[in-house]
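Residue numbers 5 to 120, in the working numbering, belong to the letters of the sequence shown in order. First the structure, in the form of structure tokens, and then the observations on it.
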Amino acid sequence: MCKFCWTVLLLLLLAIGTAVYKFGFVGSVVQAPDGRQALQLTTAERNMVLGEMRDFLVAVQAIIAATNTEDMAAAAAAARKVGMAAQTAVPPALIGKLPLTFKKLGFAAHSQFDQL
Numbered sequence: 005m006c007k008f009c010w011t012v013l014l015l016l017l018l019a020i021g022t023a024v025y026k027f028g029f030v031g032s033v034v035q036a037p038d039g040r041q042a043l044q045l046t047t048a049e050r051n052m053v054l055g056e057m058r059d060f061l062v063a064v065q066a067i068i069a070a071t072n073t074e075d076m077a078a079a080a081a082a083a084r085k086v087g088m089a090a091q092t093a094v095p096p097a098l099i100g101k102l103p104l105t106f107k108k109l110g111f112a113a114h115s116q117f118d119q120l
């Protein structure tokens, strides 16, 4: 009976390890013909990612405009809108589809806006 328990435990650990590797590191990507990794997202997920990228651009434009007029409060407010608090709107299923490099880049960008 003990061998059976150890076998089940080993299989569960392998399954958990595979899931962590797939959703934590690899994500849901395919190799694109030009050598880049193409994210496999639904239309709604794609729109969310593109919307977040647009929000970054809007924030950068607002920060530049505010610093040109030396309005640091407005620059901080623009940066805060796309800081780590903005990450709470991203569904866990979408985060699981993103490769580790994309997650690192995204979390670093949000964190740096908070630091600003």
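The C-beta atom is built at its ideal place from N, Cα and C for all residues, glycine as well.
Worksheet item: Cα separation between Val94 and Cys6?
Response: Locating residue 94 in the sequence shown gives position 90, counting from the first residue. Locating residue 6 in the sequence shown gives position 2, counting from the first residue. So the two alpha carbons sit approximately 43 Å from each other.
Worksheet entry | Supposed contact pair Pro103 and Gln41 - C-beta distance, whole angstroms, cut 8 Å | Taking the first residue of the sequence shown as position 1, residue 41 is located at position 37. Taking the first residue of the sequence shown as position 1, residue 103 is located at position 99. About 6 Å separates the two Cβ atoms, so the contact holds.
Worksheet item: Any idea if Ile20 is buried or exposed, counting beta-carbon neighbours within 10 angstroms, 16 or more meaning buried?
Response: Within the sequence shown, numbered from 1, the residue matching residue 20 stands at position 16. Exposed, since its Cβ has fewer than 16 Cβ neighbours within 10 Å.
Discussion item. Just list the residues that DSSP pairs Ala42 with in beta bridges.
Written reply: Locating residue 42 in the sequence shown gives position 38, where the first residue counts as 1. DSSP lists Val34 as partners of Ala42.
Fill in: Backbone CA spacing between Leu14 and Gln116 [nearest angstrom]
By 1-based counting over the sequence shown, the position of residue 14 is 10. By 1-based counting over the sequence shown, the position of residue 116 is 112. For Leu14 and Gln116, the distance between alpha carbons rounds to 41 Å.
Item to complete: Tell me, to the nearest whole angstrom, how far the beta carbon of Glu49 is from that of Leu98; I am working on the premise that it is less than 8 Å.
Response: The residue given as residue 49 occupies position 45 in the sequence shown. The residue given as residue 98 occupies position 94 in the sequence shown. Right, their Cβ atoms sit about 5 Å apart.
Worksheet entry | Cβ separation of Ile67 and Ala77, assumed to be a contact under 8 Å, to the nearest whole Å | The residue you call residue 67 lines up with position 63 of the sequence shown. The residue you call residue 77 lines up with position 73 of the sequence shown. Actually they are not in contact, since the Cβ atoms of Ile67 and Ala77 sit about 12 Å apart, beyond 8 Å.
Discussion item. Rounded to whole angstroms, what is the Cα-Cα separation between Val34 and Glu74?
Written reply: Residue numbering aside, residue 34 sits at position 30 when the sequence shown is read from its first letter. Residue numbering aside, residue 74 sits at position 70 when the sequence shown is read from its first letter. Taking the straight line from one Cα to the other gives about 45 Å.
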